[in-house]
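Residue numbers (my numbering): 1206 to 1343. Have a look at the structure below before the remarks.
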Amino acid sequence: MAQRTFSIIKPDAMRKNHAGAILAEIERAGFRIVAIKKLFISKAQAEGFYYVHRERPFFASLTQFMSSGPIIAMVLEKDNAITDLRKLMGATNPANADEGTIRKKFAASIEENAIHGSDAEDTAQFEIGYFFAGYELL
Ligand code: CMP
């Protein structure tokens, strides 16, 4: 059954002009783009998005990085979207990412890792709602 997930093209990939190549990989893998927007979030907005990681040692640096430049936020749909996007992205640390994955091709480090994808149904719902209103999901 078609499922929705949430994804971000992160500031490092935007700075390197990799957004188009990453979107092409996503479409080639069979995802439908339900909603998409480019935006520049504040540190406070990044902290809200990554609230579940607030106790982690990398929280300050991660939220600083995510507010360091524009991002592209999007909602993607296909069968098994959550699992399939995570496979397409590759491991969080690009050093461990399989050949052919987005992070293997475009990510520089565990923090500057080019793309985010929701890790479960409940986080996908929270993340979609954080960036998009219901009427934008078409
Ligand atoms: P993301 O999928 O956006 O979810 C949380 C992010 O935290 C993750 O990608 C990485 O960018 C970042 N992250 C996870 N682990 C570490 C770490 N050990 N050091 C720095 N950043 C990390």
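We put the CB at the ideal spot given by N, CA and C, even for glycine. Computed from a predicted structure; not experimentally measured.
- With a beta-carbon spacing of about 19 Å, Ala1296 and Phe1211 fall beyond the 8 Å limit used to define contacts.
- CA-CA distance, Glu1260 to Ala1229, rounds to 35 Å.
- Of the other Cβ atoms in all chains shown, 16 or more fall within 10 Å of the Cβ of Phe1311; this residue is therefore buried.
- Assigned with DSSP and collapsed to three states, Arg1209 falls in strand.
- In the three-state scheme derived from DSSP, where H, G and I count as helix and E and B as strand, Glu1332 is classed as helix.
- Residues of the same chain with a CB within less than 6 Å of the CB of Tyr1335, apart from the 5 flanking positions on each side, are Phe1254 in chain order.
- Contact annotation: the segment 1286-1303 does not touch the segment 1259-1273, with fewer than three C-beta pairs closer than 8 Å.
- One thing to note: Ala1207 has its Cβ no nearer than 8 Å to the Cβ of Leu1343.
- Using a Cβ distance threshold of 8 Å, His1223 and Ala1319 count as a contacting pair.
- For Ile1213, the CB contacts under 6 Å within the same chain, skipping 5 residues up- and downstream, are Ile1276, Ala1278 and His1321 in chain order.
- Ala1240: member of the beta strand (DSSP E) spanning Arg1237 to Leu1244, first to last residue.
- Beta-carbon to beta-carbon, Ser1272 and Ala1286 are separated by about 26 Å, too far to satisfy the 8 Å threshold.
- Excluding the 5 residues flanking it on each side, Gly1235 has same chain C-beta neighbours closer than 6 Å at Lys1283, in chain order.
- The segment 1244-1276 contains, as complete alpha helix (DSSP H) runs of 4+ residues, the segments 1248-1254 and 1264-1271 (chain order).
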